[in-house]
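Asks: For the sequence shown, my numbering begins at -18 and goes up steadily by one.
Idealized CB from N, CA, C, for every residue including glycine.
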Amino acid sequence: MDYWLGSWVDTGNGAELWNYSGSWSLVDATYNANTINLSTTKDTSSVTVAVDLSALGLSVGNSFTFDVYTTGGGGSDGAIDALSDDLQTIADWGNAYL
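#1: Could you tell me which whole alpha helix (DSSP H) segments of length 4 or greater appear in the stretch 48 to 75?
#2: Sorted by chain position, which residues of the same chain lie with C-beta nearer than 6 Å to Tyr(-16)'s C-beta, five sequence neighbours on each side aside?
#3: Contact check, Ala14 vs Glu(-3) under 8 Å by CB: the rounded distance?
#4: Taking the CB atoms as reference points, tell me whether Thr51 and Trp(-11) lie closer together than 9 Å.
#5: What do you get for Thr22, buried or exposed, if any count of 16 or more other CB atoms within 10 angstroms of its CB means buried?
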């Protein structure tokens, strides 16, 4: 996995984009400058996260490996939902999704 898009929707809505190149680094977030047009919207059954293709080093027609996780807004909340997993990914907020 090259990029990690994370969002929280319990209060305030927000998202982060992370890139892996030997280690994970924060590219940008909705609470930062947000120069990559990162956004989240939600309803009762879905979450939509959007970001500029260029933020992922991509252009139209490129492909890449990715996953999307959602979690609560707590500092130690684990990923409750992952795009790559049809089931809830952890049993408790404090658990880590591996």
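Replies: In short:
#1: As summarised for the stretch 48 to 75, there are no continuous alpha helix (DSSP H) elements at least 4 residues long confined to that stretch.
#2: Sequence-distant Cβ neighbours of Tyr(-16) in its own chain, meaning closer than 6 Å and more than five residues away, are Asn0, Leu37 and Phe47.
#3: Incorrect: roughly 13 Å between the Cβ atoms, too far for contact.
#4: The Cβ atoms of Thr51 and Trp(-11) sit closer than 9 Å to each other.
#5: Here Thr22 is exposed. Its C-beta has fewer than 16 other C-beta atoms within 10 Å.
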